[in-house]
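Student: In this note's numbering, the protein residues as written are 671 to 793.
(1) Go ahead and pull the three-state DSSP assignment for residue 710.
(2) I'd like to check one pair, residue 765 with residue 791: are the Cβ atoms closer than 8 Å?
(3) Under a three-way DSSP split, which group does residue 689 fall into?
(4) Compare the beta carbon distance of residue 695 and residue 704 with 8 Å and say whether it is the shorter of the two.
(5) Give every residue of the same chain whose Cβ lies closer than 8 Å to the Cβ of residue 761, excluding the five residues on either side of it in the sequence, and list them in chain order.
(6) Note down the Cα distance separating residue 748 from residue 728, rounded to an integer number of angstroms.
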């Protein structure tokens with residue numbers, strides 16, 4: 671069984687065909703509308719939604735302010751448990767690290783999780 675390669679060109683073409691499909695567009699509109707409706711319902715169930723939003727915003731700001739130290743701490747903890755952290759300064763270096771690992775292991779296919787990182791570094 672071969673796994674098709676999805677490139678930006680094939681994605682663009684597939685996305686264009688999907689957007690031209692009226693049934694697909696209607697399904698996406700329904701799904702998006704339902705998602706927005708359920709979000710509003712969930713927020714309305716919370717007596718302190720504004721406080722929670724503000725607390726989350728403060729946590730995010732503090733995390734970003736201390737990100738280098740937090741990443742080092744995470745790296746130390748992972749390494750102490752037998753993991754290995756690869757640091758890259760840019761997308762090209764990150765891609766080279768991944769390619770090197772695949773080559774070193776004799777890999778031919780890469781499976782990724784749900785992260786957007788592969789799109790962000792054009793892997």
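Virtual Cβ for every residue (Gly too), placed ideally from N, Cα, C.
Tutor: On the basis of the coordinates in this document:
(1) helix
(2) yes
(3) helix
(4) Contact annotation: residue 695 and residue 704 have beta-carbon atoms that are not nearer than 8 Å.
(5) Counting only Cβ-Cβ distances below 8 Å, and skipping sequence neighbours, we find 790, 791, 792.
(6) 26 Å
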